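From first to last, the protein sequence lines are chains A and B. Residue 1 is where the first sequence starts when you use the working numbering, and the numbers rise one by one after that. Residue 156 is where the second sequence starts when you use the working numbering, and the numbers rise one by one after that. First up is the structure itself, then whatever we jot down about it.
Protein chains: 2
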Amino acid sequence: MSALADEIKQSKPFASKEEEVFLNIQRTAEVLGWTMNEILKPFELTRGQYNVLRILRGAGEDGIKCSEVSERLITKDSDITRLLDRLENRGLVSRERDEKDRRIVISRITDQGLEILEQLDEPASQGIKRILGHLGEDLLEQLNALLVLARANVK
Amino acid sequence: MSALADEIKQSKPFASKEEEVFLNIQRTAEVLGWTMNEILKPFELTRGQYNVLRILRGAGEDGIKCSEVSERLITKDSDITRLLDRLENRGLVSRERDEKDRRIVISRITDQGLEILEQLDEPASQGIKRILGHLGEDLLEQLNALLVLARANVK
DNA sequence: TGACAATAGTCGTTATAACGAGTATCTTTA
DNA sequence: TAAAGATACTCGTTATAACGACTATTGTCA
Chain A
1 MSALADEIKQ
11 SKPFASKEEE
21 VFLNIQRTAE
31 VLGWTMNEIL
41 KPFELTRGQY
51 NVLRILRGAG
61 EDGIKCSEVS
71 ERLITKDSDI
81 TRLLDRLENR
91 GLVSRERDEK
101 DRRIVISRIT
111 DQGLEILEQL
121 DEPASQGIKR
131 ILGHLGEDLL
141 EQLNALLVLA
151 RANVK
Chain B
156 MSALADEIKQ
166 SKPFASKEEE
176 VFLNIQRTAE
186 VLGWTMNEIL
196 KPFELTRGQY
206 NVLRILRGAG
216 EDGIKCSEVS
226 ERLITKDSDI
236 TRLLDRLENR
246 GLVSRERDEK
256 DRRIVISRIT
266 DQGLEILEQL
276 DEPASQGIKR
286 ILGHLGEDLL
296 EQLNALLVLA
306 RANVK
């Protein structure tokens, strides 16, 4: 029995190797995500919120449009609106309407938001290295290449 | 710039190769998941519901405990309870208390549930082959091995 | 310019994910 | 056998994901 089949207690073999890979990717993403959840928990941030804060930090003083955030995260605008709502309520993000195009809302990370991210930089980096570091440079590179290839037929 | 960095419009290089792989896995799982969502949409099933139905089909006449379902899917019991509620309301699952141990609730897939799964077997199988088939036997095998290795340090 | 489309964001809804509290039913043990 | 603990599930809550409807603003073009 394959390692994955054993892990999910599936005695029946997979219908195809493709299906095994598919389930394997889902499972791996889920399991690795837990580690990040653990790291974020003390800061009361979800993974989505953390990702948005990092995007806002990258955008700097200029801030960024709501729609651009959702574009980078591949999520709906509507979800980003509400995610930003919560970050704004916690004082980690500020928002204001663009003067030139009043449809646009510009979001910026606040000093308080930057502070949290700075506190997270090391633990996050270390945590990820702790769970994936054992693969080593070569296998990480192989895995990256295969994953990019794996979704080449989708997006 | 790497393919992933380009995809998420991240000009800043990744802090580490581990981090790139981590984000890459999350992204790939998400993108591949969309395909399955599309296949399930006409049947008004979520991926979680589909997975549970397949587990119930695998369990056969004997049915299966709620806690065993959550064990296989690695989710909380509480979430499975509510997921089963909805499947039961739609007539795809039946539930009854175990006579011997009245704490236990046994769930079984109904004929109607089996019917839906049968209608889905081909499209699901074909859909996954369509998005991952281009990798070929060898790369699929490599990817499987690397993914199992990738989460070896976590669970 | 005035109708119409496109863009940017908000709000509503259902189902999940993750956390935790609570209830009923066995099991163990003093 | 009564009390304590373990087990199996249910219910409550907040934040997401995915869908869609809606408002406000800007752009296009006949």
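Ideal placement from N, C-alpha and C gives every residue a C-beta, glycine not left out. Remember, it's a predicted structure, so these values are computed and weren't measured experimentally.
Sheet register partners of residue i (DSSP bridge)
i       : result
A:ARG97 : A:VAL105
A:LYS65 : A:ILE106
Any chain B beta carbon closer than 7 Å to residue i
i        : result
A:GLU38  : no
A:ASN153 : yes
A:LEU140 : yes
A:GLY219 : Any property of residue 219 of chain A remains undetermined from this structure, which presents chain A solely from 1 to 155.
A:ILE109 : no
A:ASP79  : no
A:ASN89  : no
A:MET1   : Because the pLDDT of A:MET1 is 49, which lies under 50, any placement of that residue in the model is unreliable, and the question is left without a value.
A:THR28  : yes
A:PHE43  : no
A:ILE128 : yes
A:VAL52  : no
A:PHE14  : no
A:VAL69  : no
A:GLY133 : yes
A:ASN144 : yes
A:LEU83  : no
A:LEU147 : yes
Presumed contact (8 Å Cβ cut-off) between residue i and residue j, rounded CB distance
i        : j        : result
B:GLU251 : B:ILE261 : 6 Å
B:ALA305 : A:THR28  : 6 Å
A:GLU30  : B:ILE259 : Contact flag wrong, Cβ pair sits at about 26 Å.
A:ARG147 : B:ASN192 : Before going further, note that residue 147 of chain A is Leu rather than Arg in the sequence given. Incorrect: roughly 19 Å between the Cβ atoms, too far for contact.
A:LEU196 : A:GLY113 : Chain A is shown from 1 up to 155; residue 196 of chain A falls before or after that span and cannot be answered.
7 Å Cβ cutoff, residue i in contact with chain A
i        : result
B:LYS174 : Here the sequence assigns Glu to residue 174 of chain B, which means Lys is not the residue at that position. So, interface residue.
B:THR201 : no
B:SER280 : yes
B:VAL260 : no
B:ALA305 : yes
B:ILE271 : no
B:VAL186 : yes
B:LEU211 : no
task = Check whether the region 122-135 of chain A touches the region 281-288 of chain B, taking contact to mean three or more Cβ pairs, one atom from each stretch, closer than 8 Å.
result = no
ask   = Between the region 208-216 of chain B and the region 288-304 of chain B, do three or more beta carbon pairs fall short of 8 Å?
value = no
request  = Answer yes if the region 218-237 of chain B comes into contact with the region 194-210 of chain B, meaning at least three C-beta pairs across the two stretches below 8 Å, and no otherwise.
outcome  = yes
ask   = What runs of the alpha helix (DSSP H), each 4 residues or longer, lie entirely inside the region 15-60 of chain A?
value = 17-40, 47-59
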